[in-house]
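Student: For the sequence shown, my numbering begins at 4 and goes up steadily by one.
Just so it is clear, CB atoms sit at the ideal spot from N, CA and C, and this is done for glycine as well.
Given the structure is predicted, the values throughout are model-derived calculations rather than measurements.
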Amino acid sequence: MRKNLEITGLSENAVVKNTDTLSYITGTPEKFDIVFMDPPYRTGILAQTLEKIPRVMNKGGMIICEHPAEEKMPEETGGFVLKKEYKYGKIMISLYSHKEVEGI
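#1: Using a Cβ distance threshold of 8 Å, determine whether the segment 65-75 contacts the segment 24-34, with at least three qualifying pairs required.
#2: Let me confirm a value: Val38 is counted as buried when at least 16 other C-beta atoms fall within 10 Å, else exposed. Which label applies?
#3: Can you give me the C-alpha to C-alpha distance between Ala17 and His101, rounded to a whole angstrom?
#4: Would Thr80 be called buried (16 or more neighbouring beta carbons within 10 Å of its own) or exposed?
#5: Taking the alpha-carbon positions, what's the Val104 to Ile10 distance?
#6: Give the straight-line distance between the Cα atoms of Asn7 and Leu13, rounded to the nearest whole angstrom.
#7: If you measure from the beta carbon of Gly12 to each beta carbon in chain D, is any gap under 9 Å?
#8: Check whether the Cβ atoms of Leu98 and Lys90 lie closer than 9 Å to each other.
#9: Inspect the beta-carbon positions of Asp41 and Met65 and report whether they are closer than 9 Å.
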């Protein structure tokens with residue numbers, strides 16, 4: 004991830020945290036514009052994290068979830084609404100944005 008940030012020139016505008024997600028988002032005062040979630044599949048971590056993520060999001064932010072295509076994602080979580088889904092074979096990418104923000 005760090006190498007990709009360097010290659011794209013985004014290193015100065017990004018923070019990579021290598022920690023337990025649920026502990027981090029429960030305790031951090033930080034707010035984020037983009038959260039990309041790709042936890043181990045079929046463990047329940049995605050659902051647990053998705054419930055808590057809106058607390059650390061800026062209103063204009065976007066939540067991106069990668070998950071198995073057969074896993075149904077909630078239509079809304081903490082004011083963030085499922086706006087688009089993209090299927091790539093057995094994988095689905097789900098995009099959430101705040102219900103008061105136009106478009107994706």
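Tutor: Quick answer:
#1: no
#2: Residue 38 sits at position 35 when you count from the first residue of the sequence shown. When all chains shown are included, Val38 counts as buried.
#3: Locating residue 17 in the sequence shown gives position 14, where the first residue counts as 1. Locating residue 101 in the sequence shown gives position 98, where the first residue counts as 1. The straight-line gap from Cα to Cα measures roughly 21 Å.
#4: Here the question's residue 80 lines up with position 77 in the sequence shown. Classification of Thr80: buried, given that the 10 Å Cβ count is 16 or more.
#5: As a first step, residue 104 is located in the sequence shown; it is residue number 101 there, counting from the start. As a first step, residue 10 is located in the sequence shown; it is residue number 7 there, counting from the start. Val104 and Ile10: Cα-Cα distance of roughly 31 Å.
#6: Here residue 7 refers to the residue found at position 4 when the sequence shown is read from its first residue. Here residue 13 refers to the residue found at position 10 when the sequence shown is read from its first residue. Taking the straight line joining both Cα atoms gives about 8 Å.
#7: In the structure shown, chain D does not exist; there is a single protein chain.
#8: Looking up residue 98 in the sequence shown gives position 95. Looking up residue 90 in the sequence shown gives position 87. No; because the gap between Cβ atoms is not below 9 Å, this pair is not in contact.
#9: Residue numbering aside, residue 41 sits at position 38 when the sequence shown is read from its first letter. Residue numbering aside, residue 65 sits at position 62 when the sequence shown is read from its first letter. Cβ distance not < 9 Å, so Asp41 and Met65 don't count as in contact.
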